[in-house]
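Residue numbers for the sequence shown follow the working numbering, beginning at 636 and rising by one.
As structure tokens, the structure follows; a few thoughts come after it.
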Amino acid sequence: MGIFQKGETHESRSSSMSYALRWKYGKINRTTLVALFLVALITMISILVYIQDKKQVSLVIDGEAVTLETREALLHELLQKENIALEPHDTISMPLNGAIQDGDEVVIKRAAPVQVTADHQIKTLYTTEKTVGDAVKSLGYKVSSKDIVTPALDTQVSSNMDIKIVRVTTQSLEQEAEIPFQVIKTADPSLFKGDNRVLRSGKAGVMTQNIEKEYHDGVLISKRMVSKEVSTNR
Numbered sequence: 636m637g638i639f640q641k642g643e644t645h646e647s648r649s650s651s652m653s654y655a656l657r658w659k660y661g662k663i664n665r666t667t668l669v670a671l672f673l674v675a676l677i678t679m680i681s682i683l684v685y686i687q688d689k690k691q692v693s694l695v696i697d698g699e700a701v702t703l704e705t706r707e708a709l710l711h712e713l714l715q716k717e718n719i720a721l722e723p724h725d726t727i728s729m730p731l732n733g734a735i736q737d738g739d740e741v742v743i744k745r746a747a748p749v750q751v752t753a754d755h756q757i758k759t760l761y762t763t764e765k766t767v768g769d770a771v772k773s774l775g776y777k778v779s780s781k782d783i784v785t786p787a788l789d790t791q792v793s794s795n796m797d798i799k800i801v802r803v804t805t806q807s808l809e810q811e812a813e814i815p816f817q818v819i820k821t822a823d824p825s826l827f828k829g830d831n832r833v834l835r836s837g838k839a840g841v842m843t844q845n846i847e848k849e850y851h852d853g854v855l856i857s858k859r860m861v862s863k864e865v866s867t868n869r
């Protein structure tokens, strides 16, 4: 009597293959969903970082302001991107390697060359000041109320402007001048014609004059008498 072995039927084999395929494709779908979720998450994070990294910076150059949107981290990167170059004597309100923050205001002042003539010297200097008075002060020149500055102190600075400072000094001194005595003649019938009689001897007087001399850069420009006094006759 032979041994009967149960064999697989066509139906059982089909069920097994169907289950395997469902499991395989189900696994693929889950992997795809996870991948899509990760892509979406990374995209959202990138967008948030992109938005948050965007900054508004106010750039003021010689009083003219412009608002820029940038994602640069450092100031010199922003200036390089905007093709803004700085000259050696220009001034800027924050370090070039400073980190940019949203809402920052960066002030750049362009330096103008000026020629200053003062104290017997002529110098070409650079200033970022707006008026002649501020420029002269910032460049280290002390100006007294008597000194003459050309152009006027409230004049707007322009490139290659000539600024002249004339030092004005005064000197006061006393000067004596002799006043000759006055001869008064009167008629005297008792005298012969041509004869003279001295009734009172005259004396020369002395006038003290207070003189003020004005010098421009050491050169005498004017001389005037500010007061005078007649002293007792000698």
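For every residue, glycine included, the Cβ atom is placed at its ideal position computed from N, Cα and C.
Fair warning: this is a prediction, and the values are worked out from it, not measured in the lab.
query	result
Check whether the Cβ atoms of Thr790 and Thr763 sit closer than 8 Å, and answer yes or no.	no
Is Val865 buried or exposed, if buried means 16 or more other CB atoms sit within 10 Å of its CB?	exposed
Which runs of the beta strand (DSSP E), 3 residues or longer, sit entirely within the region 693-776?	699-705, 740-744, 747-753 and 756-762
Express the C-alpha separation of Lys744 and Val674 in angstroms, rounding to a whole number.	47 Å
Buried or exposed for Ala753, please, with buried defined as at least 16 other CB atoms from any protein chain shown within 10 angstroms of its CB.	buried
Roughly how far, in whole angstroms, is the beta-carbon of Met796 from the beta-carbon of Val749, given that I think they are within contact range, below 8 Å?	5 Å
Taking the DSSP output, what are the residues bridged to Arg859?	Glu847
Please report how far the alpha carbon of Ser794 lies from the alpha carbon of Thr785, in whole angstroms.	15 Å
Work out the CA separation of Lys772 and Pro815 for me, nearest whole Å.	54 Å
Would you mind sorting Ala747 into buried or exposed? The rule is 16 or more other CB atoms within 10 Å of its CB.	buried
Taking only the alpha-carbon atoms, compute the straight-line gap between Leu671 and Ile677 and give it to the nearest angstrom.	10 Å
In angstroms with no decimal places, state the Cα-to-Cα distance between Val803 and Tyr850.	6 Å
Please state the DSSP three-state secondary structure of Leu671.	helix
Kindly indicate which residue of Lys848, Lys799, Thr843 and Gln736 has the alpha-carbon position closest to the one of Ala812.	Thr843
So Val586 and Ile783 are in contact, right, with Cβ under 8 Å, and what is the actual spacing, rounded?	Lying before the first or after the last residue shown, residue 586 is absent from the chain, which here runs from 636 to 869.
Per DSSP, Val784 forms a beta bridge with which residues?	Ile800
Could you tell me the alpha carbon to alpha carbon distance between Ser780 and Asp769, rounded to whole angstroms?	15 Å
Check this for me: beta carbons of His724 and Tyr761, under 8 Å apart or not?	yes
Buried or exposed for Leu731, going by 16 or more other Cβ atoms inside 10 Å?	exposed
Would you say Thr702 and Gln715 are within 8 Å of each other, going by their C-beta atoms?	no
At the level of alpha carbons, what is the spacing between Ser857 and Asn718?	56 Å
Using the Cα positions of Leu788 and Thr805, report the straight-line distance between them to the nearest angstrom.	22 Å
Out of curiosity, what's the CA-to-CA distance linking Glu712 and Lys765?	28 Å
Are Val751 and Leu774 closer than 8 Å when you measure CB to CB?	yes
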